[in-house]
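First to last, the sequence lines map onto chains A and B. Remember, this note's numbering sits 994 above the position in the first sequence when you count from 1. Remember, this note's numbering sits 994 above the position in the second sequence when you count from 1. Heads up, the beta-carbon is just placed ideally off N, CA and C, and yes, glycines get one too. Predicted model, so just to flag it, every value in this text is computed and none were measured. Written out below as structure tokens is the structure these notes cover.
Protein chains: 2
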Amino acid sequence: MHSSDERYNTMVARLKESNHRLTPQRLAIVKILAESDCHPSVESIYAQLRKPFPSISQATVYRNIILLKSLGEVYEIGFAGESSHYDGRKPYPHPHVVCLQCGKIIDPDLESLHDMTKEITDESGFEIVSYRLDFFGVCPECHRKG
Amino acid sequence: MHSSDERYNTMVARLKESNHRLTPQRLAIVKILAESDCHPSVESIYAQLRKPFPSISQATVYRNIILLKSLGEVYEIGFAGESSHYDGRKPYPHPHVVCLQCGKIIDPDLESLHDMTKEITDESGFEIVSYRLDFFGVCPECHRKG
DNA sequence: CTTTCTGCAAAAATTTTGCACGGAC
DNA sequence: GTCCGTGCAAAATTTTTGCAGAAAG
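What follows is the structure in structure tokens.
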């Protein structure tokens, strides 16, 4: 079973157990969020759904994103100057590496993250509960091309 | 001389050398950005300016933020679900530690950041040009109270 | 004086809300 | 059959733009 299937099933189960109905539109939104590794925006989810659901409205997408976010099943990522993106595959804080040319986003493993959190706690005295870490650059493929 | 004065002077100099006029409204916006250590939003800058400039418009604030950003003198920080905040004191990427209760933001020194960038480069093959790193938690003062 | 900047208001763009109908259960 | 969810349209936000007059240089 692919991890996207697992995520889809988990999200559907969470909707069921919280007594939310499994409408075709809702399931389609869940599917996109479970499968997409590019952290789609509301706009892009809406665009993808217009073919299978010609009469779907953006409001439905917004409402379902808000619902899934409140269930802890999607994670919102706001970038400066553009609408938020949403991660349905890893709905919790994690680092990203974003290619500025092709928009590709990868999720790296970072050994040093734990040490860094400790360093912050020691230096600032804060009790850290969450974080946001994104690197921006040029991926090997784009770098080769130009 | 305080660092906020230095920042103010630097920004004013940059405006001059790029042949932009030093209007009272513009200088007031620069002053707020140079002095504020809480990374204000357009909304909050506008609110602060309504007393000294009762007829100022939000458009003026937006336009000046865009201008200063294009000159590299302010740094935009977008948070999920709210308008962008702007940092005029360190107009380049740097880590933040944000208190979720009182909203305080501090700028920590992070030894391990350089190592982490190297780890990312090694693992992903990306050429990293920028980053975003924020920690969220509870500051010592709020922790004591609550 | 010239040209840029501002304030106002309208326009875009984005997100939320109210309501009646349709469909999940 | 009961409600929840959807679509539509209007409303509320947020940000941008056009234009005429004010003011910096």
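Three-way DSSP call (helix, strand, coil) for residue i in this model
i               : result
E1105 (chain B) : coil
C1136 (chain A) : helix
I1114 (chain A) : helix
V1024 (chain A) : helix
D1128 (chain A) : strand
Of the listed residues the options, nearest to residue i (C-alpha basis)
i               : options                            : result
H1014 (chain A) : A:S1030, A:A1053, A:S1064, A:I1100 : A:S1064
R1020 (chain B) : B:E1011, B:T1054, B:Y1125          : B:T1054
C1133 (chain A) : B:P1089, B:V1036, B:I1114, B:H1079 : B:I1114
P1046 (chain B) : B:K1025, B:P1087, B:H1033, B:P1034 : B:K1025
S1124 (chain A) : A:E1105, A:R1008, A:Y1069          : A:Y1069
I1071 (chain A) : A:D1103, A:S1118, A:E1117, A:V1036 : A:V1036
S1106 (chain B) : A:C1096, A:K1139, A:E1117          : A:E1117
F1129 (chain A) : A:K1112, A:D1103, A:R1138          : A:D1103
P1034 (chain B) : B:N1058, B:G1082, B:K1139, B:Y1086 : B:G1082
L1009 (chain A) : A:G1066, A:F1120, A:Y1056, A:S1077 : A:G1066
C1032 (chain B) : B:G1140, B:V1091, B:E1121          : B:V1091
G1119 (chain B) : A:H1088, A:K1112, A:L1127, A:C1136 : A:C1136
P1085 (chain B) : B:I1059, B:K1112, B:I1050, B:I1122 : B:I1059
L1061 (chain B) : B:E1076, B:G1075, B:P1048, B:Y1080 : B:Y1080
R1138 (chain A) : B:L1127, B:A1007, B:E1121          : B:E1121
S1030 (chain B) : B:E1011, B:A1007, B:H996, B:S1077  : B:H996
P1087 (chain B) : B:S1051, B:Q1052, B:K1098, B:L1127 : B:L1127
T1111 (chain A) : B:Q1095, B:A1007, B:I1050, B:P1089 : B:P1089
Q1095 (chain B) : B:A1007, B:T1004, B:G1140          : B:G1140
Per-residue burial, residue i [other beta carbons within 10 Å of its own, 16 or more giving buried]
i               : result
R1044 (chain B) : exposed
A1028 (chain A) : buried
Y1002 (chain A) : buried
H1108 (chain A) : exposed
D999 (chain B)  : exposed
A1022 (chain B) : buried
L1016 (chain A) : exposed
P1018 (chain B) : exposed
I1039 (chain B) : buried
Y1056 (chain A) : exposed
G1131 (chain B) : buried
C1093 (chain A) : buried
P1048 (chain B) : exposed
Residue i Cβ short of 8 Å to the ligand FMN heavy atom set
i               : result
V1006 (chain B) : This structure lacks the ligand FMN, and indeed carries no ligand of any kind.
Going along the chain, which residues of the region 1108 to 1134 of chain B sit with their C-beta nearer than 7 Å to a C-beta in chain A?
D1109, M1110, E1113, I1114, E1117, S1118, G1119, F1120, E1121, I1122, V1123, S1124, Y1125, R1126, L1127, D1128, F1129, F1130, G1131, V1132, C1133, P1134
Which of the residues in the region 1093 to 1104 of chain B, read from start to end, lie with their CB under 8 Å from any CB of chain A?
Residues passing the 8 Å Cβ filter: C1093, L1094, I1100, P1102, D1103, L1104.
Between the region 1055 to 1082 of chain A and chain B, which residues of the former have a C-beta closer than 7 Å to a C-beta of the latter?
E1070, I1071, G1072, F1073, A1074, G1075, S1078
At which residue ranges does the region 1035 to 1086 of chain B contain complete beta strand (DSSP E) runs of 3 or more residues, listed in the order of the chain?
Fully enclosed beta strand (DSSP E) runs of 3 or longer: 1069 to 1071, 1079 to 1081.
According to a CB-to-CB cut-off of less than 8 Å, which residues of the region 1014 to 1027 of chain A neighbour chain B?
Residues passing the 8 Å Cβ filter: none.
According to a CB-to-CB cut-off of less than 7 Å, which residues of the region 999 to 1015 of chain A neighbour chain B?
none
Residues, ordered as in the chain, of the region 1026 to 1053 of chain B that lie near chain A by beta-carbon distance below 8 Å:
none
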